[in-house]
Structures are given as structure tokens and as C-alpha cells.
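S.K.: Protein chains in written order, with our numbering: chain A, 1 to 94; chain B, 1001 to 1284. Every residue, glycine too, gets a C-beta built ideally from N, C-alpha and C.
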């Protein structure tokens, strides 16, 4: 495990959508979009429906559309709960 | 002879047919059980994560002021009763109904409003003295998160408007395929846990907004989890009931076959006796 990644879990009422290491995430917070990197301060935020961007440890970006939900960060354990997640069609690599 | 050979044969036949049906139902219930158990297990992390976030929220604020945390004088109780839509599932529904009855008997001093999920509970309570506030008969063992969230929204609404002062949910827990237990849980008015460890979470946008949005979802998640568990228990219960029906049909078939064989043997012996007697008579 690289030091630059953190553990992310994306869960919906139906299933665990994602469970693994991530480099960064960008999510539509209730008070504005924000990003989470490793060693982020503990935070609980509401999420508006919108676009979620995940950057994998290899630098690949994935885009998802999410419903309303919540984000919880503590000790590099990031939990994103939302009612709906759907992958967006285009997946870009940078 | 108590029963004729023909009667015994037809009874054996019908027992065999019944057994075939119950065996099929047992297998169907077993496969449904597998499916619903998978759904239940898959849905568990969401519920657990929601509980985790709640505990974080509690830890990061000194006392959340929200109607859900108020203690009110309880005048009207809402009782949600989760039963199945279909029968033939052993003691599943009757256990729930028995527990509901004892709860209702204990709460004579308050007014109780029923919220019924499942046809069997509705069949039982529709002609009784307790008023039915809401009923949901269309879930049919397939819990859909959106539908359940709509149910909890209605409950939350009537709690906030003061129509209900307390909401209890009576559902069946799934311990294992052979053991299910109806339980009664308080759903709204959450207990304010006094957090020992204080942690400093950044709250975005602010605690009120988070609490406002979070609690209804949290309750929906609890309800969803409770219903999934109940449906799993229902399938388990049906499977066990059908298994024992199949077994007792097996026993019955064995008994009837034995009786049938004895009757046939008796008939043959009789016939031989008659022939022998007739032969002897002719000789004489």
C-alpha cells in the first residue's frame, strides 16, 4: 500500500459499490465541491446529487453520477454513502 | 376391514401428490432464501456505515437538538407490524401477531395506531379494534429501497407533526435458517448517546443541515435492513415448514402403503381360503 492512498468505501442501500484504495476523490459536497486526499482532516459532509470523480492509485480517473448522500472521513478511512451511483459513460485517462 | 383396498390406494395417491407439491415449495423457498440472504448481506454495510456516521456525528457535537432526540409524553404509539404477504410459512406470521397482541395488551393506557406491512397482518387486524394508520400490501417479499424510504418518510412526517409520539417496529430477525425471532424495536426517538471520546470532525455545511438530512435516511436504512431481515426470515420459515410437511407426508405414505399391503394380503388370503373351502366341499 502506497502512502499516498487511502481506503475508500462507496456503499448504497443495495450493495457495496466500491471498496479499495484511492489516490483522491472529488465530490459534490452540500457546501460546495471538495476533494479528499490522503491524511484529510476528519470530516462529515452532506453530498448533493452530482458528479463524483475518483482517481485511482495509477492516476486513472473515473466519473460517476451520485444521488444525495454523505461522506465521512476519519484516519484515512473514507466512507461515502449514497442512494444511487451510476458510472458515467466516458472514462478518461490523464 | 376398516378401509377398502381401493380407498387406501386413493389416499396414498393423494398423499403423494401433496408431498410433491410441498417438496417443490420447499425447494422454491430454499432458493428464495438464498437470494434474499444475499440481498440482506449485501445491504448490511450500508446500514453499518450509517450507524458509524451517526456515532461520529454524536461524538462531534454536544447534544443534538432535533425532534428525534426529544423525549415526549407518549400518548399515541405507532406500531409497525411486518408480516408476509403469503401464507404457508409455519409460525412466521403467528409469532409476530402473538407478540403484537401482547404489546397491544400492555399499551392499553395509550392509543395505538397500526402501520401494517404485509397482507397477513392486514387480514388479521383489519376487523379489530385498533385503528390502522397506514398499510402497505404491495412489497410482496421484494423490498425496494425507494418504496421503503417512502414508508419511513410518512412515519417521520406523522412523528414530526405530533400524530405519533413513538414508533415501534415489530419484525422478525433472521438468526439462522432454523431460528427466527420476532423483535420489537423503538425506531424514532433515538437515544442520545453521551459520547465519551470527543472527536473533532469538520461538519460540512453545518451540524443542523447534516442532522436534518441524515436522520431520515438513517431511519430509512434501519427500516430497509429490518424488512430485508424479515423477508429472509420468512423464506427460511417457509422452507422449514414445507420440509416438515414433506416429511410428514412421507410418514403418512409409509403408513398407508403398509396398511394397503396388509389389506391386499388379507384379500388374497381370503380368496385362497374361499377356493380351498370350496374345493374341500366339492371333494366331500
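From which residue to which residue does the alpha helix (DSSP H) around residue 1101 of chain B run?
M.R.: The sequence position of residue 1101 of chain B within the second chain is 101, counting from 1. Where residue 1101 of chain B is concerned, the enclosing alpha helix (DSSP H) stretches over 1092 to 1106.
S.K.: Which residues, in chain order, does the segment 6 to 37 of chain A contribute to contact with chain B at a C-beta distance below 9 Å?
M.R.: Answer in chain order: 9, 11, 12, 13, 14, 15, 16, 19, 29, 30, 31, 32, 34.
S.K.: What are the start and end residues of each continuous beta strand (DSSP E) run of 3 or more residues lying completely inside the segment 1180 to 1258 of chain B, in chain order?
M.R.: Listed in chain order, the complete beta strand (DSSP E) runs (minimum 3 residues) inside the segment 1180 to 1258 of chain B are 1202 to 1204.
S.K.: Could you pull out every residue in the same chain whose Cβ sits closer than 6 Å to the Cβ of residue 1186 of chain B, ignoring the five residues on either side in sequence?
M.R.: Locating residue 1186 of chain B in the second chain gives position 186, counting from the first residue. Excluding sequence neighbours, residue 1186 of chain B sits near 1168.
S.K.: Do residue 1253 of chain B and residue 1019 of chain B come within 8 Å of each other at the CB atom, strictly closer than that value?
M.R.: To locate residue 1019 of chain B, count along the second chain from 1; it is residue 19. To locate residue 1253 of chain B, count along the second chain from 1; it is residue 253. Contact flag set, yes.
S.K.: Give the residues from the segment 54 to 69 of chain A that approach chain B closer than 9 Å (Cβ to any Cβ), ordered along the chain.
M.R.: Here the close residues are 68, 69.
S.K.: Going along chain B in order, which residues have a C-beta closer than 8 Å to the C-beta of residue 46 of chain A?
M.R.: Locating residue 46 of chain A in the first chain gives position 46, where the first residue counts as 1. Result: 1204, 1205, 1209, 1210, 1213, 1214.
S.K.: For chain B, check one thing: does any of its Cβ atoms lie closer than 8 Å to the Cβ of residue 81 of chain A?
M.R.: Here residue 81 of chain A refers to the residue found at position 81 when the first chain is read from its first residue. For residue 81 of chain A, the answer is yes, since a Cβ of chain B falls inside 8 Å of its Cβ.
S.K.: Residue 1049 of chain B CB to nearest chain A CB: under 8 Å?
M.R.: In the second chain, the residue the question calls residue 1049 of chain B occupies position 49. Residue 1049 of chain B counts as touching chain A.
S.K.: Shortest alpha-carbon distance to residue 1053 of chain B belongs to which of B:1201, B:1145, B:1117?
M.R.: What you label residue 1053 of chain B is simply residue 53 of the second chain in a count that begins at 1. For residue 1053 of chain B, the nearest C-alpha among the options comes from B:1201.
S.K.: Suppose only complete runs of 3+ residues qualify. What are the beta strand (DSSP E) ranges in the segment 17 to 94 of chain A, listed by chain order?
M.R.: Taking only runs of at least 3 residues, the beta strand (DSSP E) segments lying wholly in the segment 17 to 94 of chain A are 24 to 29, 32 to 36, 43 to 47, 50 to 55, 61 to 66, 69 to 74, 77 to 82, 85 to 87.
S.K.: Using a Cβ cut-off of 9 Å, pull out every chain B residue sitting near residue 42 of chain A, in sequence order please.
M.R.: Stepping through the first chain from its first residue, residue 42 of chain A is reached at position 42. The contacting residues are 1056, 1060, 1199, 1200, 1201, 1202.
S.K.: Exposed or buried, which one is residue 1146 of chain B when buried takes at least 16 other CB atoms within 10 Å?
M.R.: Looking up residue 1146 of chain B in the second chain gives position 146. Exposed, because fewer than 16 other Cβ atoms sit within 10 Å of the Cβ of residue 1146 of chain B.
S.K.: Measuring CA to CA, which of A:58, A:38, A:55, A:33 is closest to residue 46 of chain A?
M.R.: Mapped onto the first chain, residue 46 of chain A falls at position 46. Selected option, being the one with the closest Cα: A:33.
S.K.: Counting C-beta neighbours from all protein chains within 10 Å, is the total for residue 1049 of chain B 16 or more, i.e. buried, or is it exposed?
M.R.: Sequence index remark: in the second chain, residue 1049 of chain B carries index 49 (1-based). Buried.
S.K.: Which term fits residue 82 of chain A, buried or exposed, when burial requires 16 or more other beta carbons within 10 angstroms of its beta carbon?
M.R.: Sequence index remark: in the first chain, residue 82 of chain A carries index 82 (1-based). Buried is the call here.
S.K.: Among the candidates B:1271, B:1244, B:1227, whose CA atom is the shortest distance from the CA of residue 1041 of chain B?
M.R.: Here the question's residue 1041 of chain B lines up with position 41 in the second chain. Residue B:1227 is the option with its Cα nearest to residue 1041 of chain B.
S.K.: Based on Cα-Cα distance, which residue from B:1005, B:1024, B:1010 lies nearest to residue 1241 of chain B?
M.R.: Here residue 1241 of chain B is taken as the residue at index 241 of the second chain, counted from 1. Minimum Cα distance to residue 1241 of chain B is reached at B:1024.
S.K.: Would the beta-carbon of residue 22 of chain A fall within 8 Å of that of residue 71 of chain A?
M.R.: Here residue 22 of chain A corresponds to residue number 22 of the first chain, with the count starting at 1. Here residue 71 of chain A corresponds to residue number 71 of the first chain, with the count starting at 1. No, the pair does not count as a contact, with Cβ atoms beyond the cut-off.
S.K.: Apart from the five residues just before and just after residue 69 of chain A, which ones in its own chain have a Cβ nearer than 7 Å to its Cβ?
M.R.: To locate residue 69 of chain A, count along the first chain from 1; it is residue 69. Within the same chain, residue 69 of chain A has close Cβ partners 47, 80, 81, 82, 83.
S.K.: Pull up the DSSP beta-bridge partners for residue 1005 of chain B, would you.
M.R.: Numbered from its first residue, the second chain carries residue 1005 of chain B at position 5. Answer by DSSP bridge pairing: none, since residue 1005 of chain B is not bridged.
S.K.: When the Cα atoms are used, what is the spatial distance from residue 1115 of chain B to residue 1134 of chain B?
M.R.: In the second chain, the residue the question calls residue 1115 of chain B occupies position 115. In the second chain, the residue the question calls residue 1134 of chain B occupies position 134. Taking the straight line joining both Cα atoms gives about 5 Å.
S.K.: Which residues does DSSP pair with residue 1173 of chain B in a beta bridge?
M.R.: The residue labelled residue 1173 of chain B in the question sits at position 173 within the second chain. BP columns for residue 1173 of chain B point to B:1181.
S.K.: Quick check on residue 1075 of chain B: does DSSP put it in helix, strand or coil?
M.R.: Stepping through the second chain from its first residue, residue 1075 of chain B is reached at position 75. In the structure shown, residue 1075 of chain B sits in coil (DSSP, three-state: anything other than H, G, I, E or B).
S.K.: Bridge partners of residue 1111 of chain B, per DSSP?
M.R.: Looking up residue 1111 of chain B in the second chain gives position 111. Answer by DSSP bridge pairing, in chain order: B:1076.
S.K.: Enumerate in chain order the residues of its own chain whose CB-to-CB distance from residue 1 of chain A is below 8 Å, with the five nearest sequence positions on each side excluded.
M.R.: Numbered from its first residue, the first chain carries residue 1 of chain A at position 1. Residue placement at residue 1 of chain A is poorly supported in this model, since its pLDDT is 49, which falls under 50; the coordinates are not used for a value here.
S.K.: Could you work out which residue in A:63, A:65, A:40 is closest to residue 7 of chain A when comparing CA atoms only?
M.R.: Numbered from its first residue, the first chain carries residue 7 of chain A at position 7. Checking every option, the nearest Cα to that of residue 7 of chain A belongs to A:40.
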